[in-house]
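These notes concern the structure reproduced below.
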Amino acid sequence: AQSVTQLGSHVSVSEGALVLLRCNYSSSVPPYLFWYVQYPNQGLQLLLKYTSAATLVKGINGFEAEFKKSETSFHLTKPSAHMSDAAEYFCAVSEDSSYKLIFGSGTRLLVRP
Amino acid sequence: DAGVIQSPRHEVTEMGQEVTLRCKPISGHDYLFWYRQTMMRGLELLIYFNNNVPIDDSGMPEDRFSAKMPNASFSTLKIQPSEPRDSAVYFCASRDGGRGHTEAFFGQGTRLTVV
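Quick mapping for you: the protein sequence lines, in order, are chains A and B.
In this text, residue positions in the first sequence follow our numbering: the first is 1, and each later residue adds one.
In this text, residue positions in the second sequence follow our numbering: the first is 1001, and each later residue adds one.
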């Protein structure tokens, strides 16, 4: 079964600093990968998705992620953190055969003024 | 489209009572997922449907949990009897499998508290 692993349950950055949230996947076939964001007391919103068209994927709110097959990674980055980026971020993989969407354990991003 | 609609948004019930959570997926979506989110276990997939048919219910924790999808526009998740450890946020999500591995769209969730 496919899975994703998110390293770091909490990440703290200063406002204006680089944001890097890590996600590694396990898959024997090209995966379909997603990043979602969850603000307090809300559902999950799609930030971006990788569907093999391009290895560097741009999403909403200035976020982007790079698919690296050699490292089985799909890390999420943003050059400059904003206070409004404080939220929980989830990496997810869509299983090739079953279409199940499997989520990582999430990373809570804190942004310090 | 109004998105995935879940009701109620909040539910407080006493232990032993039956609880029914409801979900209306996005029109035209053929996959529907029920997830449970807790601090301890994160986001767990409970069950999912394709074209109203349950495909995988291996995530349903116990026989006290059941889910149905009587038609393409409605699904329920029932807990009977409820227990305090069922307290969590339950999310419903839908996706259009006809367009390949597209993203899933989530509802706002139902926060369940069992006292």
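In this text, a Cβ means the ideal position worked out from N, Cα and C, and glycines have one as well.
#1: Give me whichever residues DSSP pairs with G1059 (chain B) in a beta bridge.
#2: Within its chain, find whatever has a CB closer than 8 Å to the CB of Y1031 (chain B); leave out the 5 residues flanking it on each side and keep chain order.
#3: What whole-angstrom Cβ distance do G1059 (chain B) and L1046 (chain B) have, given they're in contact under 8 Å?
#4: Assuming G1042 (chain B) is part of the beta strand (DSSP E), what are its boundary residues?
#5: Taking 6 Å as the limit between beta carbons, can you name the residues of its chain near S947 (chain B), skipping five residues before and five after?
#6: Does any CB atom of chain A fall closer than 8 Å to the CB of E1103 (chain B)?
#7: Quick check on this structure: which residue in B:I1079, B:N1071 and B:F1106 has the alpha carbon closest to the alpha carbon of G43 (chain A)?
#8: Would you please verify whether the beta carbon of G1125 (chain B) is less than 8 Å from any beta carbon of chain A?
#9: What three-state label does DSSP hand E1083 (chain B) in the structure shown?
On the basis of the supplied data:
#1: Position 59 of the second sequence, counted from the start, is the residue given in the question as residue 1059 (chain B). Answer is none; G1059 (chain B) lacks a bridge partner.
#2: For this step, residue 1031 (chain B) is matched to residue 31 along the second sequence. Correct list, in chain order: Y1048, F1049, N1050, S1094, R1095, D1096, G1097 and A1104.
#3: Counting from 1 along the second sequence, the entry for residue 1059 (chain B) is found at position 59. Counting from 1 along the second sequence, the entry for residue 1046 (chain B) is found at position 46. Confirmed, about 5 Å.
#4: As a first step, residue 1042 (chain B) must be located in the second sequence, where it is residue number 42. It spans G1042 to N1050 - the beta strand (DSSP E) in which G1042 (chain B) sits, taken as one unbroken run.
#5: Residue 947 (chain B) is absent from the structure shown; chain B starts at 1001 and stops at 1115.
#6: Locating residue 1103 (chain B) in the second sequence gives position 103, where the first residue counts as 1. True, the Cβ-Cβ gap to chain A drops below 8 Å.
#7: Sequence index remark: in the first sequence, residue 43 (chain A) carries index 43 (1-based). Closest by alpha carbon: B:F1106.
#8: Not covered by the structure: residue 1125 (chain B). The range shown for chain B is 1001 to 1115.
#9: One-based indexing of the second sequence puts residue 1083 (chain B) at position 83. Here E1083 (chain B) sits in coil by DSSP.
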